[in-house]
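One structure is given below, encoded as structure tokens.
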């Protein structure tokens with residue numbers, strides 16, 4: 001049975017209301033769009049995605065919130081201009097200056113100044129909910145979302161073309177996350193245990209046999225070449241052969257896992273609902289539950305520190321170091 005989109009987004013993004021910042025210097029937004037508003041504590045808004053932008057970090061979330069750190073996550077400032085105030089679900093940078101964010105209403109935003117100012121680059125026909133954006137360089141990017149929505153660009157987003165990821169029954173599955181694997185392979189993780197692979201930069205896709213039926217929310221490519229998929233009920237799937245075969249790693253939790261990162265020292269940190277944090281120790285995955293049991297959506301590594309994103313904003317948490 002197809003998950004209700006709102007329920008899926010709640011589990012994936014750990015959404016909560018947030019207060020956002022307005023700027024008097026923001027450009028006039030397109031008709032029908034309301035720009036993000038100014039708030040003193042933008043870093044405490046519900047945040048759902050974070051990425052490196054060169055040496056900086058950029059995070060996005062509810063109410064059009066975009067915040068940026070240039071000191072490894074110690075301090076954060078809100079973007080000067082964001083032309084929308086809806087939920088932003090994902091952000092990706094190709095380099096220190098060129099970045100993209102996506103969210104509700106089929107909106108694709110672009111920045112050319114490292115995340116200080118943003119503009120609407122494209123609105124997908126039908127205004128579907130977009131759930132993930134991933135750029136492999138300043139020209140080539142991919143967007144996936146609800147009901148099989150998938151787009152690609154080869155010119156930095158000047159033009160976006162549809163991709164057919166799933167076929168037949170799979171055509172309208174929610175696609176939750178798209179990311180790169182080894183050797184230029186692209187992986188898309190979706191609902192009902194679905195995962196898809198492209199070996200030709202998104203031109204053709206094939207479904208992978210994950211062996212699970214619960215939704216897969218996220219994934220990552222480890223330095224050793226392994227692919228990981230994270231999902232419902234604490235599921236972590238690992239493949240060492242580009243997705244041909246998968247094995248389930250024991251985590252000791254039934255919380256949904258929504259994001260993960262491999263630190264510079266090779267250690268893995270995964271996060272999820274109910275305050276779950278999963279780390280690897282002596283070759284095993286070990287789960288701890290934060291005292292506040294806050295839903296966590298994403299995590300990034302900055303040097304030896306971690307940046308966690310959750311329903312109450314940013315967290316610098318020694319519990320997961």
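Numbering (the working numbering), first residue to last: 1 to 321.
Note that CB positions come from ideal geometry on N, CA and C, so glycine has one too.
Note that the structure is a prediction, hence the values are computed from the model and not measured.
- Annotation: residue 192 to residue 108 spans about 26 Å, alpha carbon to alpha carbon.
- In this structure, residue 66 keeps its C-beta atom at 8 Å or more from the C-beta atom of residue 50.
- Residue 128 is a Cβ neighbour of residue 147, given a cutoff of 8 Å.
- A Cβ-Cβ separation of about 11 Å leaves residue 62 out of contact with residue 39 under the 8 Å criterion.
- Residue 238: member of the beta strand (DSSP E) spanning 236-239, first to last residue.
- Per DSSP, reduced to three states, the secondary structure at residue 232 is helical.
- With 16 or more other Cβ atoms inside 10 Å of its own Cβ, residue 181 counts as buried.
- Sorting 256, 64, 283 by C-alpha distance to the C-alpha of residue 276 places 256 at the top.
- Residue 303 sits in coil when the DSSP states are folded into three classes, being neither helix nor strand.
- Excluding five sequence positions before and after residue 232, the CB atoms of its chain that fall closer than 7 Å to its own CB belong to 214, 215, 256, given in chain order.
- The beta strand (DSSP E) runs lying completely inside the region 170-214 and spanning 3 residues or more are 175-180, 186-190, 195-198, given in chain order.
- Within the same chain, 139 come within 8 Å of residue 155 by CB-CB distance, once the 5 residues on both sides are set aside.
- Residue nearest to residue 250 within the set 244, 279, 263 is 279 (criterion: CA-CA distance).
- In the structure shown, residue 44 falls within a helical segment according to DSSP collapsed to helix, strand and coil.
- The C-alpha of residue 102 is placed about 27 Å away from the C-alpha of residue 210.
- Straight-line spacing of the CA atoms in residue 143 and residue 285 works out to 31 Å.
- Restricting attention to 305, 303, 294, the CA atom closest to the CA of residue 47 is found in 294.
- By a beta-carbon distance limit of 8 Å, residue 99 contacts residue 58. Their separation comes to about 6 Å.
- Listed in chain order, the non-local C-beta contacts of residue 70 below 6 Å within the same chain comprise 56, local neighbours out to five positions each way being set aside.
- Taking all protein chains shown into account, residue 267 has fewer than 16 neighbouring C-beta atoms within 10 Å of its C-beta and is therefore exposed.
- Remark: C-beta atoms of residue 141 and residue 175 do not approach each other more closely than 8 Å.
- Contact between residue 283 and residue 297 is ruled out by a C-beta separation of about 27 Å, above the 8 Å threshold.
- The Cβ neighbour count for residue 261, taken over all protein chains shown within 10 Å, is at least 16; the residue is labelled buried.
- Residue 62 sits in a helix when the DSSP states are folded into three classes.
- About 13 Å separates the beta carbon of residue 263 from that of residue 271, a gap too long to meet the 8 Å contact definition.
- Our two residues, residue 125 and residue 291, have alpha carbons roughly 43 Å apart in a direct line.
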